[in-house]
Structures are given as C-alpha cells and as structure tokens.
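Participant: This structure is in structure tokens; I'll ask about it shortly.
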Amino acid sequence: MEKAFLRKQMINTLEQLPKKRKQKKERLMQQMLFASQAWQNASSIGVIRALPFEFDTQPIFAQAIKENKRIAVPKTIDKALHFFEVDGDTLYQKSAFGVEEPISEKAALHLDLVLVPGLIFSTAGYRIGFGGGYYDRFLANYRGKTISMAFSEQINDAWQPEAFDIPVDKIITDSYDATNEGAVR
C-alpha cells in the first residue's frame, strides 16, 4: 500500500478513537513505559509535544519532572531535527507542520532515550511518520535507546520499510510491548 494513503487513513482512525478509550489505552502504555528499563536508566529524554490525535505526551513530561529527568523537545532547523532542553517555564510556538516547538536556545547535549513518534508501526519496529524523514535522519546518528508509543490500531505489517528506515528498539502498545531484537544499533 502507498504510504500517503496509509498516513491519511491512520490519522482518520486516530481522530475517531473515543476519548475515554484513548485515555485508558494511554494510561496503560504510560505504566509500561515508566516500568521499562530504558525509562528507569534514562536521565535525559527526548519527546515531542503531541498533536491531539497522537499519544498524549503531557503525562510523560510530568513524570520526567517528578523523577528529575532532563527533557528535550525537537525543533526542525534546516530540514534537520535538533533537541532543546525544556522545563515548566519553556515557551512554545507552532511549526509549519502544526507541532509545538520550544522557543529555547539550550541544546540537549546527550539523550539517553528518545520517544519516537509515528503514525504506523510494523511489529519489527519500523515506522511510517509524517513523511519528512526527520526522525530517520536523526536516528541514523543517534546511539541511545528508542521507544515508540503506539495504539494497537497503529500496528500494521502490510507495508515494506525503505532502505533508509531505521527501526526503534521497542514499541509499547496497549496490547503488548515488543522489543526489536533485530535492530542493528
């Protein structure tokens, strides 16, 4: 199937998820994330400020602050993804893509864990994002741990990854958590 069609179809599916059902799934997935070894071992975490139909990342920010973990949010600069440290006082502005990016000049020096967003995920850890290739380019040089939070509706193996696609180490869903043992990382 064509990726553009799959993206559009998935956004529609996610927008149709009933709010209470989505929140229940998110709570379960948050518990799995916070119990994971990658989270426990991380002192610095890269995470997006999610769009309304995506997995809600605000509780992740709150938990990270509670545990004194450093948080960084990505910003696109010259077709590249750069992470900037944020705190409770950080101001944000919407990017051309509608995503909130930090108004910050404090670049994150090292990230132990990056929560990688996406629309569709294969059981092998590959993902279809929004089509800009930002995360694939970033992940090509990143050597820390990667986790994606995906609703069970987002798991789909009916597509083939491209040669440049980089799988995440782990996918946490509301129905299982899968470790990508085959990732060359």
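For the sequence shown, my numbering assigns the number 26 to the initial residue and increments by one for each residue that follows.
Glycine included, every Cβ here is placed at the ideal spot set by N, Cα and C.
Predicted, not measured: the structure shown is a model, and the values here were computed from it.
In whole angstroms, give me the CA-to-CA distance for residue 69 and residue 31.
Facilitator: Residue 69 and residue 31: Cα-Cα distance of roughly 32 Å.
Participant: So residue 196 and residue 175 are supposed to be a Cβ contact under 8 Å. How far apart are they, rounded?
Facilitator: 5 Å
Participant: Pick out whichever of 150, 86, 104 has its Cα sitting closest to the Cα of residue 97.
Facilitator: When only C-alpha atoms are compared, the closest one is 86.
Participant: I need the DSSP call for residue 155, collapsed to helix, strand or coil.
Facilitator: Looking at residue 155 - three-state DSSP - the assignment turns out to be coil, as it is neither helix nor strand.
Participant: Count the other C-beta atoms from every protein chain shown that fall within 10 angstroms of the C-beta of residue 209, then say buried if there are 16 or more, exposed otherwise.
Facilitator: Here the model assigns residue 209 a pLDDT of 30, short of 50, so the residue's position is not dependable and the matter cannot be decided.
Participant: Taking DSSP as the reference, what is the three-state secondary structure of residue 105?
Facilitator: strand
Participant: Where do the N-terminal and C-terminal ends of the alpha helix (DSSP H) with residue 84 fall, by residue?
Facilitator: 83 to 91
Participant: Contact check, residue 99 vs residue 150 under 8 Å by CB: the rounded distance?
Facilitator: Under the criterion of beta carbons closer than 8 Å, residue 99 and residue 150 do not qualify as touching, at roughly 20 Å.
Participant: Our contact map puts residue 110 next to residue 117 with C-beta atoms below 8 Å; I'd like the distance itself, whole angstroms only.
Facilitator: Actually they are not in contact, since the Cβ atoms of residue 110 and residue 117 sit about 13 Å apart, beyond 8 Å.
Participant: So residue 153 and residue 143 are supposed to be a Cβ contact under 8 Å. How far apart are they, rounded?
Facilitator: 6 Å
Participant: For residue 60 and residue 91, what's the separation of their Cα atoms in angstroms?
Facilitator: 15 Å
Participant: Quick check on the burial criterion: 16 or more other C-beta atoms within 10 angstroms. Buried or exposed for residue 44?
Facilitator: exposed
Participant: Return helix, strand or coil for residue 36, following the three-state DSSP convention.
Facilitator: helix
Participant: Could you compute how far the alpha carbon of residue 206 sits from the alpha carbon of residue 148?
Facilitator: The pLDDT assigned to residue 206 is 44, lower than 50, so where the model puts this residue is not dependable, and the model offers no usable value.
Participant: With H, G and I counted as helix, E and B as strand and the rest as coil, what does DSSP make of residue 189?
Facilitator: coil
Participant: With burial defined as no fewer than 16 other Cβ atoms inside 10 Å of the residue's Cβ, what is the status of residue 173: buried or exposed?
Facilitator: buried
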